[in-house]
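A.B. asks: My questions will all concern the structure given below.
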Amino acid sequence: MSAVEVLGVDKIFNAGKTGQVDALVGIDLTVEPGEFVSLIGPSGCGKSTLLRLIANLTEPSSGGITVNGKSAKQSRLDQDYGMAFQQAGLFEWRTVARNVELPLELKGWDRSKRRARAREMLELVKLPDFADHMPWQLSGGMQQRIAIARALAAHPPLLLMDEPFGALDEMTREHMQAELLRICAETSTTVIFVTHSIPEAVYLSTRVVVMSPRPGRITDIIDVPLGGARDDDTRETGGFFEKITEVREALRGAEFGTGARGIEDR
Amino acid sequence: MTARLQPMLRTLWPPLVFGALMLGVWQFVVRWFDLQPYFLVAPSDIWREFTSNWSNIWEAMVVSGTNAAYGMVFGTVLGVLMSFLLSRFTTLDHLVTPMSIAINAIPAFVLVSVFNNMWGSTSAVPKRLMVTLVVFFVVLVNVAKGLRQVAPVHAELMRSYAASGWQVLRKVRVPNAVPYLFTALRVAAPLSVIYAYVSEYFGGAQNGLGNRITSNIANSKNAVGWAYVAGACLLGLGFYIIANVLERVVTPGGAANRTREAA
Chain A
0 MSAVEVLGVD KIFNAGKTGQ VDALVGIDLT VEPGEFVSLI GPSGCGKSTL LRLIANLTEP
60 SSGGITVNGK SAKQSRLDQD YGMAFQQAGL FEWRTVARNV ELPLELKGWD RSKRRARARE
120 MLELVKLPDF ADHMPWQLSG GMQQRIAIAR ALAAHPPLLL MDEPFGALDE MTREHMQAEL
180 LRICAETSTT VIFVTHSIPE AVYLSTRVVV MSPRPGRITD IIDVPLGGAR DDDTRETGGF
240 FEKITEVREA LRGAEFGTGA RGIEDR
Chain B
0 MTARLQPMLR TLWPPLVFGA LMLGVWQFVV RWFDLQPYFL VAPSDIWREF TSNWSNIWEA
60 MVVSGTNAAY GMVFGTVLGV LMSFLLSRFT TLDHLVTPMS IAINAIPAFV LVSVFNNMWG
120 STSAVPKRLM VTLVVFFVVL VNVAKGLRQV APVHAELMRS YAASGWQVLR KVRVPNAVPY
180 LFTALRVAAP LSVIYAYVSE YFGGAQNGLG NRITSNIANS KNAVGWAYVA GACLLGLGFY
240 IIANVLERVV TPGGAANRTR EAA
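Heads up: the sequence lines are chains A and B, in that order. With numbering that gives the first Met the number 0, the residue at position 9 of the first sequence is 8, and numbering never jumps. With numbering that gives the first Met the number 0, the residue at position 167 of the second sequence is 166, and numbering never jumps.
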C-alpha cells in the first residue's frame, strides 16, 4: 500500500470567473512508505496547494487522493499525518510540553500517557530541558523543533512539511535538516516536504519533484540515490553537486523551455 | 523579590520625581504670583484639606467606587457573554455589531437622565447602569475580536487535527481572547470611575465624588473641591492597578512580556 497516491488531480480557483487560476493540472504522484519526497518549484507552481490537498485542508476540483489507502478526508479525521508549517505556530499560552501534547489531547489520550509521550518527543528533538518553558522563551530554530515534535507526537506514519525551515538562518537550517533526517530514520516516517531551496531538497530527499507554474504541474521527478545515512560530508560529495545541477536544470527547463505555454515573457 | 523590585523602582522613580517637580512648580507659581484661591489653589492647601476631610473623602470614594465596581462586574460579564454569542452566531453578529456601534455613538451621559427618570434619581441603579453600558461595549468589542482573530496557522493546525468547533473554541479561541479581555479591562477600569463621577452630575443622591467636587467648588470651597479631585484620582488609579494586577495573576509571564511569534 502506498503512503500517498495522487491521481489526475486538478485544482482550479475561481473556475469560470475572470480571476480563474489553474493552480494544479493533471497531477499524478505516488509516494511509498519510508520515502522522503520534496516538492520544489518557483512561486505559484502549486507545491503548497498540493501539500494542502494531501492534508485535506482543501478539496481537489477533480481527481482522487488516497493517504494510507484511505480517502484524504478519512486520513485527516484519523490523524494519520502530522503537519509543520513555515511558522512554528506554537500556542503561546501553552508551555512547550503542553504544545506537544495538544494533538494527543484532541485524540482523547489521558494525562499521564500524554506526559510520557511529550517527554519522549522532547528527547527526540533534543530539547528535554525546555518542557516547562513558554514558546516565546525559545529561539526560532528551537520553536521549529518543538513544532516537529508536536507533528510527530501521535506517531503518524506521514509527515507533511510546508517550508518548515524557510524562516531560519543558513547554519540553523543545515543543522535542522540533519536533525530531521535522524528523527525520520528513528521513527521511520514518510515525509513530503515543500521547499524553495535546491540544496535542501537534494540533501533531504530520496526523490525531488520539480514543479512549474501557469498552470501548476509536475515537470520532472529526479531520484536522489545518495543513500540512507547522510551527514555534513554528504554536502561535499560530487554526487551531491551533480544532483543539485540536475535539479537546477530541470527547474530552468520548467521555467523557460518545454511546451508552448511555459515561455516566460519577462 | 528584590530582584523584581529593583527594575520596578528604576521605572518608577523618573515619573515620581517628575510629578513631585511639577507640584513644586505649581506651589511656587501660586505663592510667587500670589494667586487667589478662587483662581488656583496651592498644592499645600489641597493637602491640608485632603487630610482634614479624609473621612468624608473616603466615604465619597466608597460610594462612587461601589457604583463603578458594579458597572465593571456586570459590564464585563455581559460583554463576555455577548461576545461568545456573536462569535458563535454570525447572523447575530451582523445584527448586533452595527447597532452596538450606533448605541456607542450616543453621548453616554445623556442616558443617565433617561435612567434617572426610569428608576428615580435617588436610586444608584441609573449610575451603575451607565457604567455597565460603557464597560460592556469596551469588553464586547475587544473580546469578540480575540475570539475571532485566530492565527491562520493555528486554524490550519486544528483542522489537521480534525478538531471540532467546540474544541477549537476551548483550546484556541478562548485562550486567544484572554489578553484581549485584559486590554479591555485596563481601558475600562479608569473609564468606569470617570463615568461614575459624570453620572453624578445629573442628579441623584449627593454623596459621591462627582457631586462633592461640584458642590464644594460652587460654594467657593475650592481647596476642598480639589481635595475631592485628588480622591477621584486615587480611586481611578486604584481601579487601574487592580486591573493590571489581575492580568499579571491570570496570565503568568504577563501579556506585556509576551511577544507574539514573528510572522
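Just so it is clear, CB atoms sit at the ideal spot from N, CA and C, and this is done for glycine as well. Quick caveat, the model's predicted, so the values are computed rather than measured.
(1) With H, G and I counted as helix, E and B as strand and the rest as coil, what does DSSP make of TYR239(B)?
(2) Leaving out the 5 sequence neighbours to the left and right, which residues in its chain are closer than 6 Å to VAL190(A) when beta-carbon positions are compared?
(3) So, with DSSP's three-state summary, where would you put ALA261(B)?
(4) ASN202(B) to SER120(B), Cα distance in whole Å?
(5) Taking the straight line between their C-alpha atoms, what separation do you get for ALA261(B) and PRO198(A)?
(6) What number of angstroms, rounded off, separates the C-alpha of PHE90(A) from the C-alpha of PRO134(A)?
(7) At a CB-CB cut-off below 7 Å, which residues of chain B make contact with LEU56(A)?
(8) Taking a contact to mean a Cβ-Cβ separation below 8 Å, would you say ALA152(A) touches MET120(A) in this structure?
(9) Secondary structure at ARG260(A), three-state DSSP: helix, strand or coil?
(10) If you check the beta carbons only, do ILE212(B) and ALA231(B) fall under 8 Å apart?
(11) With a CB to CB cut of under 7 Å and the five nearest residues on each side skipped, what residues in its chain are close to GLY238(A)?
(12) Are the segment 36-46 of chain A and the segment 200-216 of chain A in contact at 8 Å, needing three or more beta carbon pairs?
(13) Classify GLY64(B) as helix, strand or coil using the three-state DSSP reduction.
(14) In the DSSP assignment, find the alpha helix (DSSP H) that holds SER214(B) and state where it starts and stops.
(15) Quick check: what's the CA-CA separation for HIS132(A) versus SER63(B)?
(16) Let's test the definition: count the other Cβ atoms within 10 Å of the Cβ of GLN143(A) and tell me whether it reaches 16, buried, or not, exposed.
(17) Which residues, taken in chain order from the segment 85-119 of chain A, show a beta carbon closer than 9 Å to some beta carbon of chain E?
(18) Assuming the contact rule is C-beta atoms closer than 8 Å, ALA41(B) and VAL29(B) should be a hit. Round their C-beta distance to whole Å, please.
(19) Can you tell me the Cα-Cα spacing of ALA255(B) and ALA242(B), whole angstroms?
(20) Counting only C-beta atoms, is VAL79(B) closer than 8 Å to chain A at any point?
(21) What does LEU76(A) reach in chain B if we use C-beta pairs closer than 9 Å?
(22) Quick one: what's got a C-beta closer than 6 Å to TYR69(B)'s C-beta in the same chain, skipping five residues either side?
(23) Return the chain-ordered list of same chain residues with a C-beta closer than 8 Å to the C-beta of GLY253(B), the five sequence neighbours on each side being excluded.
(24) Between the Cα of VAL137(B) and the Cα atoms of PRO106(B), VAL171(B), ALA176(B) and THR182(B), which residue gives the shortest distance?
(25) Considering only residues of the same chain and omitting the five flanking positions on each side of PRO154(A), which have a CB-CB separation below 8 Å?
(26) Roughly how many angstroms separate the alpha carbons of PRO97(B) and LEU180(A), rounded to a whole number?
(27) In three-state DSSP terms, what is ILE82(A)?
(28) So the beta strand (DSSP E) GLU4(A) belongs to, where does it begin and stop?
(29) Start and end of the beta strand (DSSP E) containing MET160(A)?
(30) Starting from VAL124(A), trace the beta strand (DSSP E) in both directions and tell me its first and last residue.
(31) Quick check on this structure: which residue in THR65(B), VAL223(B), ALA59(B) and ASN52(B) has the alpha carbon closest to the alpha carbon of PHE209(B)?
(32) Is the distance from the Cβ of PHE135(B) to the Cβ of GLY235(B) below 8 Å?
(33) Would a C-beta distance cut-off of 8 Å place ALA176(B) and LEU146(B) closer than the cut-off?
(34) Compute the Euclidean distance between the alpha carbons of ASN66(B) and ALA195(B), then round it to the nearest angstrom.
(35) Taking the beta carbon of SER61(A) as the centre, do at least 16 other beta carbons fall within 10 Å, making it buried, or is it exposed?
(36) With DSSP run on the structure shown, which of helix, strand or coil describes ARG229(A)?
C.D. replies: So, from the data block:
(1) Residue mapping note: residue 239(B) aligns to position 240 of the second sequence, counting from 1. Three-state DSSP puts TYR239(B) in a helix.
(2) Here residue 190(A) is taken as the residue at index 191 of the first sequence, counted from 1. PHE35, LEU158 and CYS183.
(3) For the purposes of this step, residue 261(B) is taken as residue 262 along the second sequence, with counting starting at 1. Because ALA261(B) sits at a pLDDT of 33, beneath the cut-off of 50, its placement in the model cannot be relied upon, and the point is left open.
(4) Here residue 202(B) refers to the residue found at position 203 when the second sequence is read from its first residue. Here residue 120(B) refers to the residue found at position 121 when the second sequence is read from its first residue. In the sequence as presented, Asn is not what sits at residue 202(B); that position holds Gly. Between GLY202(B) and SER120(B), the C-alpha separation is close to 6 Å.
(5) In the second sequence, counting from the first residue as 1, residue 261(B) sits at position 262. In the first sequence, counting from the first residue as 1, residue 198(A) sits at position 199. Reliability fails at ALA261(B), whose pLDDT of 33 lies under 50, so the model's placement of it is uncertain and no value is given.
(6) As a working mapping, residue 90(A) is identified with position 91 in the first sequence. As a working mapping, residue 134(A) is identified with position 135 in the first sequence. Rounded to the nearest whole angstrom, the C-alpha separation of PHE90(A) and PRO134(A) is 8 Å.
(7) Position 57 of the first sequence, counting from 1, holds the residue named residue 56(A). In chain order: GLU155, ARG158 and SER159.
(8) As a working note, residue 152(A) is residue 153 in the first sequence. As a working note, residue 120(A) is residue 121 in the first sequence. Yes; because the gap between Cβ atoms is below 8 Å, this pair is in contact.
(9) Here residue 260(A) refers to the residue found at position 261 of the first sequence. Summary for ARG260(A): the model assigns pLDDT 43, below 50, so the residue's position carries little reliability; its value from the coordinates is reported in the next sentence. Under the three-state reduction of DSSP output, ARG260(A) falls in the helix class.
(10) Your numbering for residue 212(B) matches position 213 in the second sequence. Your numbering for residue 231(B) matches position 232 in the second sequence. The criterion of a C-beta distance shorter than 8 Å is satisfied by ILE212(B) and ALA231(B).
(11) By one-based count along the first sequence, residue 238(A) stands at place 239. Taken in chain order, the residues that qualify are LEU225.
(12) Contact holds: three or more Cβ-Cβ distances are below 8 Å.
(13) Residue numbering aside, residue 64(B) sits at position 65 when the second sequence is read from its first letter. The three-state reading of DSSP puts GLY64(B) in helix, counting H, G and I together.
(14) For the purposes of this step, residue 214(B) is taken as residue 215 along the second sequence, with counting starting at 1. Start and end: 208-217.
(15) Numbered from 1 along the first sequence, position 133 holds the residue referred to as residue 132(A). Numbered from 1 along the second sequence, position 64 holds the residue referred to as residue 63(B). Answer to the nearest angstrom: the Cα atoms are 43 Å apart.
(16) Here the question's residue 143(A) lines up with position 144 in the first sequence. GLN143(A) should be labelled buried.
(17) No chain E appears in the structure shown, which is made up of the protein chains A and B.
(18) As a position in the second sequence, residue 41(B) is number 42, starting the count at 1. As a position in the second sequence, residue 29(B) is number 30, starting the count at 1. About 4 Å separates the beta carbons of ALA41(B) and VAL29(B), which is inside the 8 Å limit, making them a contact pair.
(19) As a first step, residue 255(B) is located in the second sequence; it is residue number 256 there, counting from the start. As a first step, residue 242(B) is located in the second sequence; it is residue number 243 there, counting from the start. With a pLDDT of only 42 at ALA255(B), under the threshold of 50, the placement of this residue in the model should not be trusted, and no figure is reported.
(20) Position 80 of the second sequence, counted from the first residue, corresponds to residue 79(B). Not closer than 8 Å to any Cβ of chain A, the Cβ of VAL79(B) fails to qualify, so no.
(21) The sequence position of residue 76(A) within the first sequence is 77, counting from 1. Residues of chain B passing the Cβ test: ALA161.
(22) Position 70 of the second sequence, counted from the start, is the residue given in the question as residue 69(B). Cβ within range, chain order: ARG127.
(23) Counting from 1 along the second sequence, the entry for residue 253(B) is found at position 254. Its pLDDT being 49, under 50, GLY253(B) is placed unreliably by the model, and nothing is read from it.
(24) If you number the second sequence from 1, residue 137(B) lands on position 138. With distances taken between Cα atoms, VAL137(B) lies closest to THR182(B).
(25) Position 155 of the first sequence, counted from the first residue, corresponds to residue 154(A). Pro is not the amino acid found at residue 154(A); the sequence shown has His there. If we look at HIS154(A) and ignore the five residues flanking it on each side, its Cβ neighbours are THR186.
(26) Here residue 97(B) refers to the residue found at position 98 of the second sequence. Here residue 180(A) refers to the residue found at position 181 of the first sequence. When the Cα atoms are used, PRO97(B) and LEU180(A) turn out to be separated by approximately 54 Å.
(27) Translated into the one-based positions of the first sequence, residue 82(A) becomes position 83. It is Met, not Ile, that sits at residue 82(A) in the sequence shown. Of the three classes helix, strand and coil, the one that applies to MET82(A) here is strand, per DSSP.
(28) Here residue 4(A) refers to the residue found at position 5 when the first sequence is read from its first residue. Judged by DSSP secondary structure, GLU4(A) falls within the beta strand (DSSP E) whose first and last residues are 3-12.
(29) In the first sequence, counting from the first residue as 1, residue 160(A) sits at position 161. Residues 157-161.
(30) On the first sequence, residue 124(A) is found 125 positions in, with the first residue counted as 1. No beta strand (DSSP E) holds VAL124(A); DSSP gives it neither H nor E.
(31) Working through the second sequence from its first residue, we reach residue 209(B) at position 210. Reading the sequence as shown, one finds Gly at residue 209(B) and not Phe. In this structure, ALA59(B) is the residue among THR65(B), VAL223(B), ALA59(B) and ASN52(B) with its C-alpha nearest to the C-alpha of GLY209(B).
(32) Position 136 of the second sequence holds residue 135(B). Position 236 of the second sequence holds residue 235(B). Against a cut-off of 8 Å, the Cβ pair of GLY235(B) and PHE135(B) comes out as no contact.
(33) Residue numbering aside, residue 176(B) sits at position 177 when the second sequence is read from its first letter. Residue numbering aside, residue 146(B) sits at position 147 when the second sequence is read from its first letter. For ALA176(B) and LEU146(B), yes; Cβs fall inside 8 Å.
(34) In the second sequence, counting from the first residue as 1, residue 66(B) sits at position 67. In the second sequence, counting from the first residue as 1, residue 195(B) sits at position 196. Rounded to the nearest angstrom, the two C-alpha atoms are 6 Å apart.
(35) Sequence index remark: in the first sequence, residue 61(A) carries index 62 (1-based). In summary, SER61(A) is exposed, with fewer than 16 beta-carbon neighbours lying within 10 Å of its beta-carbon over all protein chains present.
(36) In the first sequence, residue 229(A) corresponds to position 230, counting from 1. In the structure shown, ARG229(A) adopts coil according to DSSP, grouped into three states.
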